[in-house]
Amino acid sequence: MKNETFICIANRRWDALWGESQKIMLRISKNNTVLFFEPGRGVNLPLLSEIKRNFPNLFKLQLNRISENLIIIPCPPSLPIARRHLPRFLLKITTPLVTKINTALKVNHVRKAIKKLKVKEPILWLYSPYYYDLVGKFNEKLSVYHNYDEFADFSTNFRVKELILGYDNELAKRVDLVFATSRPQWKRRHAINPNSFFVPNGVDFELFNRPLSEKLPIPDDIKTIPHPIIGFAGMLGNHIDVKLLLEIANHYPEYSLTLVGPDLLPKSAQLTQLKHKSNVYFLGFKPMEKLPDYIQTFDVALIPYELVGHVLSGYPQKLHEYLAAGRSIVATAMPELEPYKQWLNIAQNHAEFIRLIDAAKDHYSDEIIKARAEVARQNTWDNRVLQMYQHMEKYLQQIGLKKMMLADGKLKEPSHD
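If you want the working numbering, it's the position in the sequence shown, counting the first as 1, plus 242.
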């Protein structure tokens, strides 16, 4: 697919921790124009004071060209859904209202960009169920929902959860195509939209294979950490099983539990204990291009996710990143890891996870390292984009054929009487 214009309404900033939206759109921009709309900042007290000082610029259209085909466009501030500050019964009223206001602001902003850049018949690419009402607003030739998480599962309020699930269902129904990163995500949306396809997460193979293809420097902040190193590289959020990490640190006092990534872990007594362990190291955020430098030092690479909510339907990006680097992996039993059980150690409970670490740390040979990397090589982001292109081109061909048949009188529009 070439020479198209993609309007990507993302739910994370371009310079944030890199996820599906940045990785996919970077590759699409090689042969197409991409307008990447960043989410607006939530309105809070610091932003309110900034609005007073700089109101016109906050809503001004800013086109930040990253490359010839990639333009980053910040959206204006958005109203928050005040989950923590409103009684639960009010949330069911305020959430739809706030969503409509934010949608109107976003539609107006996107239309200004389209007009300025003279875009016609773009491909609309959406990343959040809150964007369901954007479909059909931009004269798009094709609309796509790229689903990578069960967003409803993030809410602890069942009324908000119900609303988000409704938005998600409506978005899946309205768009032309749905791409889902896991089989459970695909199965639920395919029941709503038959043009839903399973396209799992991938890997930047050239980047994460560097520990095997060249000699990388060992960063100073991990150089002095004693081996064996059992490590995790990625965002530390509520999907991380802190209780498991604490048990690992207690069971292996001679091992170094090393966590590389931004610390967004919810505060708890167990987290406090974990941070006070002498064999636990929090190294903080690292740019993506530096992650292989750290991963190469892991004697065992961990996927220590808590098997609840959205985790159960997820497909971890860590899988192919670790495999590309040839690392020995121990992971909790996420369903999407089952097809790869030959290449990693899957634990059904904490006790088994801890036991598998000791066996995994010595599971290295030239043959197994090459085999792990080969699995990752078959699962690159480039391959994922090609899969998506194939589905999009097929759909557009079917629509084109249908229009031709309607024009020739060989097909009649369905009656709505």
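We put the beta carbon where it would ideally sit given N, CA and C, even for glycine.
- With 16 or more other Cβ atoms from the protein chains shown falling within 10 Å of its own Cβ, Ile251 counts as buried.
- In the three-state reduction of the DSSP assignment, Arg307 falls in the strand class.
- Within the same chain, and ignoring the five residues on either side of Leu544 in sequence, the residues whose Cβ sits closer than 7 Å to its Cβ are Ile472, Gly473, Phe474, Val572.
- Sequence-distant Cβ neighbours of Lys379 in its own chain, meaning closer than 6 Å and more than five residues away, are Val349.
- Sixteen is the threshold: when 16 or more other Cβ atoms of the shown chains lie within 10 Å of the Cβ of Asn389, as they do, the residue is buried.
- Across the structure, Glu280 and Leu300 are spaced so that their CA atoms are roughly 13 Å apart.
- Within its own chain, the residues whose Cβ lies closer than 6 Å to the Cβ of Thr247, once the five positions on either side in sequence are excluded, are Thr275, Val361, Pro364, listed in chain order.
- Proximity to Ile308 across His633, Ile335, Leu277, Val377 peaks at Leu277, based on C-alpha coordinates.
- Of Lys532, Pro470, Tyr523, Tyr387, the smallest CA-CA separation from Val542 is found for Pro470.
- As summarised for the region 451-475, the continuous alpha helix (DSSP H) elements at least 4 residues long and confined to that stretch are 452-455, 462-465, given in chain order.
- Beta-bridge partners assigned by DSSP to Thr247: Thr275.
- Ala355 and Met576 have their C-alpha atoms spaced approximately 41 Å apart.
- Ala615 and Ala566 do touch by the CB rule: their CB atoms are close to 6 Å apart, below 8 Å.
- Note on the region 554-638: whole alpha helix (DSSP H) runs with a minimum of 4 residues are 560-566, 592-602, 608-619, in chain order.
- DSSP places His518 outside any beta strand (DSSP E), giving it a letter other than H or E.
- Phe450 sits buried, since 16 or more C-beta atoms from the chains shown fall within 10 Å of its C-beta.
- Distances from the CA of Lys485 to each of Phe524, Leu516, Leu478 were compared; the closest alpha carbon is that of Leu516.
- For Asn389, the enclosing beta strand (DSSP E) starts and ends at 384-389.
- Short of 8 Å from the beta carbon of Val377, and not among the five residues preceding or following it, lie these beta carbons of its own chain, in chain order: Leu366, Leu368, Ser385, Leu413, Arg416, Val417.
- With fewer than three CB-CB distances shorter than 8 Å, the region 547-559 does not count as touching the region 455-471.
- Taking 7 Å as the cut-off, the beta carbon of Leu259 is found closer than this to the beta carbon of Met477.
- By the CB criterion at 7 Å, Gln559 and Asn443 fall inside the cutoff.
- Only residues of its own chain outside the window of five on either side were considered, and among them Asn389, Ser555 have a CB closer than 6 Å to the CB of Gln427, listed in chain order.
- By the criterion of a C-beta distance shorter than 7 Å, Ser510 is surrounded in its chain by Val484, once the five residues flanking it on both sides are discounted.
- The alpha-carbon of Cys317 is positioned some 21 Å away from that of Phe393.
- Residue Leu407 holds the alpha-carbon nearest to the alpha-carbon of Pro371 among Arg353, Leu407, Ala618.
- For Ile537, the enclosing alpha helix (DSSP H) begins and ends at 533-537.
- The alpha-carbon separation between Asn437 and Tyr547 amounts to approximately 31 Å.
- An exposed status is given to Ala601, since fewer than 16 other beta-carbon atoms sit within 10 Å of its beta-carbon.
- Arg255 has its alpha-carbon roughly 14 Å from the corresponding atom of Ser320.
- Between Leu533 and Leu501 the beta-carbon gap is near 13 Å, outside 8 Å, which marks them as no contact.
- The DSSP-derived three-state label of Ser510 is coil.
- Note on Asn253: 16 or more other CB atoms within 10 angstroms of its CB, so buried under the neighbour-count rule.
- Taking C-beta atoms as the reference points, Phe421 and Val445 fail to come closer than 7 Å.
- No Cβ-Cβ contact shorter than 7 Å links Ser271 with Asn245.
- Note that the C-beta distance between Pro504 and Phe540 is not below 7 Å.
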